[in-house]
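Chains as they are written, first to last, in the numbering used here: chain A, 1 to 286; chain B, 1001 to 1330.
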């Protein structure tokens, strides 16, 4: 096997994994802290992708689009938390699954009404549109490297925030014992709102920066939702570290699965998950 | 729910009679659309079998499984794959094969996922469903993403004698209705047996059941396989009805819709999910008649139902038919 080809696959796998981490970290935090399974998390990724497409086509600038879209997604997260999630904190998992399933239907259909069912593309933004040549025939797009870099930066920032700040301490406390945090005078609802809005913004941001890589199409959220759940299950629910390592494992497995086992490419990551569950039923880090 | 209030049984029997005699008066009531309604009713009855079998897990055993579509779809695909292209297959071969496929899949998925609990269980069942979905979607042996056709409905005959001609729509409808009634009676019998008592006990208090000397995982696995077999029955009938199997039968949206029917109808009642299947499909028809964006209305309805009707329609029916007021004000 050509080493340049192998390098490209590794880079692709890491980039996909880092992108998955953005989505899965929100999912795992929302479950770990708020105790809610949010099936609509993939739909939030879809919202981000469509907002990036729409604002880019209106303003002509991808960066401006992200700047305009991000506050909107934070707002969306706050609204969903206030109106729907708050009713679910004391409900069982079944109700949570169904209500967030309802949210998926609503968000998907809103997308279909507002943007139609066509496949759209977002051009790769200017400074990163080139490729780095590796051999005579193979090259690697700069934008993919940029995406990996941004995701890695966010991961480091998140680690710092959670491990070394007061807010991070509250979040970790909330994940391990909610009642105790409330008893110690922390306004749990504010923390929940914050965490949910942050999770929403992270998932939507992942949708935005991946819009120039893949086209924007209906049902885009469903595909990332399930794969992010696989990441969360592998890593252990509530664990950011687990989400990070799980995302890289899934990203590399999926990429190499597509290269070496194209017939079963969709199934290999689930086989990986089955193996992890057999070995550790609560994931690697829970 | 071990014994049904008499009134509920009477209402259910009346409903069954209304449904079973539909072919007699349907032509008179809806001269134009009789055939169309008959097809829709058949499909609702099939979905009701799926939802009822899921209730054995969700309502009776406390297992919120999203893997039910896998067994539904696998059995359907087994029918389409085993049937020869130019002649019909015998039900005596196709049905056992389809149910065995569903049972085998349920045994494997159940054994793997029952090691997990709570939310891991939901996510693990979801992921296994998607795995099977992708196997059928990405590889060519069953037509890939396009799915595959079944050209003839299975034959039901003993020797040369034809018992049911399933190509006849009315016969097929009554056959499905019979399957639904049989599923209900079998599951009700199961729940009345000592096995069923242990199952309900596990949901109520697993530690206590364990301390009584039972092994809960084994009971859960058996319940999972039984529910999977009945889901397979529904999938077999669904593919037989439309003559077509495609990957969406196996997708997790199918699982979520079945869960929705269970919740809508009221879980833990067995008959509730039947009401849920009717309510869901009738709403589907109603919304789809209003707008092509019916999913928006359906989604809003689902959200409202979860927030406002936690016990479902079955719970409402039980509450309305209760003769004595609940002791102690609630």
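For each residue, glycine too, the CB sits at the ideal point set by N, CA and C.
Pair within 7 Å by beta-carbon distance, residue i and residue j
i	j	result
residue 49 of chain A	residue 283 of chain A	no
residue 39 of chain A	residue 101 of chain A	yes
residue 35 of chain A	residue 225 of chain A	no
residue 120 of chain A	residue 1122 of chain B	no
residue 142 of chain A	residue 130 of chain A	yes
residue 1277 of chain B	residue 1083 of chain B	no
residue 231 of chain A	residue 20 of chain A	yes
residue 188 of chain A	residue 182 of chain A	yes
residue 1127 of chain B	residue 270 of chain A	yes
residue 1141 of chain B	residue 266 of chain A	no
residue 1061 of chain B	residue 1264 of chain B	no
residue 1020 of chain B	residue 1147 of chain B	no
residue 200 of chain A	residue 77 of chain A	yes
residue 1042 of chain B	residue 1254 of chain B	no
residue 1023 of chain B	residue 1183 of chain B	no
residue 1311 of chain B	residue 1268 of chain B	no
residue 23 of chain A	residue 45 of chain A	yes
residue 1050 of chain B	residue 1234 of chain B	yes
residue 1150 of chain B	residue 1239 of chain B	yes
residue 97 of chain A	residue 53 of chain A	no
residue 1067 of chain B	residue 1093 of chain B	no
residue 263 of chain A	residue 1296 of chain B	no
Interface flag, residue i vs chain A, CB-CB below 7 Å
i	result
residue 1115 of chain B	yes
residue 1298 of chain B	yes
residue 1124 of chain B	yes
residue 1293 of chain B	yes
residue 1131 of chain B	yes
residue 1104 of chain B	no
residue 1303 of chain B	yes
residue 1255 of chain B	no
residue 1065 of chain B	no
residue 1055 of chain B	no
residue 1061 of chain B	no
residue 1134 of chain B	yes
residue 1138 of chain B	yes
residue 1214 of chain B	no
residue 1263 of chain B	yes
residue 1119 of chain B	yes
residue 1127 of chain B	yes
residue 1107 of chain B	no
Cutoff 7 Å: residue i Cβ touching any chain B Cβ
i	result
residue 266 of chain A	yes
residue 276 of chain A	no
residue 273 of chain A	yes
residue 270 of chain A	yes
residue 263 of chain A	yes
residue 95 of chain A	yes
residue 81 of chain A	no
residue 309 of chain A	Within the shown structure, residues of chain A are numbered from 1 to 286, placing residue 309 of chain A beyond reach of any answer.
residue 102 of chain A	yes
residue 229 of chain A	yes
residue 87 of chain A	yes
residue 162 of chain A	no
residue 113 of chain A	yes
residue 245 of chain A	no
residue 233 of chain A	yes
residue 17 of chain A	no
residue 105 of chain A	yes
residue 226 of chain A	yes
Bridge partners - residue i, DSSP secondary structure assignment
i	result
residue 1082 of chain B	Residue 1082 of chain B is not bridged to any residue.
residue 120 of chain A	A:216
residue 132 of chain A	A:140
residue 1090 of chain B	B:1155
Can you find at least 3 beta carbon pairs, one from the stretch 234-247 of chain A and one from the stretch 63-80 of chain A, that sit closer than 8 Å?
no
For the structure I just gave you, are there three or more beta carbon pairs, one from the stretch 1052-1071 of chain B and one from the stretch 1252-1259 of chain B, closer than 8 Å?
yes
Of all the beta strand (DSSP E) runs that stay within the bounds of the stretch 1108-1162 of chain B, which reach a length of 3 or more residues?
1156-1158
At least 3 beta-carbon pairs within less than 8 Å: the stretch 253-267 of chain A vs the stretch 1110-1119 of chain B
no
Would you call the stretch 1150-1157 of chain B in contact with the stretch 1067-1085 of chain B, where contact means no fewer than 3 C-beta pairs closer than 8 Å?
yes
Any contact between the stretch 1064-1075 of chain B and the stretch 1232-1251 of chain B? By contact I mean 3 or more CB pairs, one from each, below 8 Å.
yes
I'd like to know if the stretch 146-154 of chain A and the stretch 15-30 of chain A are in contact, where contact means that at least 3 CB-CB pairs between them fall below 8 Å.
yes
contact_flag[the stretch 1282-1302 of chain B, the stretch 78-86 of chain A] where n(CB pairs < 8 Å) is 3 or more:
no
Go through the stretch 1156-1202 of chain B residue by residue and report every complete run of the beta strand (DSSP E) that reaches 3 residues or more, in order.
1156-1158, 1161-1164
I'd like the ranges of any beta strand (DSSP E) spanning at least 3 consecutive residues and lying wholly in the stretch 1244-1292 of chain B.
none
Report the residue ranges of all alpha helix (DSSP H) runs contained in full by the stretch 145-202 of chain A; include only those spanning at least 4 residues, in chain order.
166-176, 178-183
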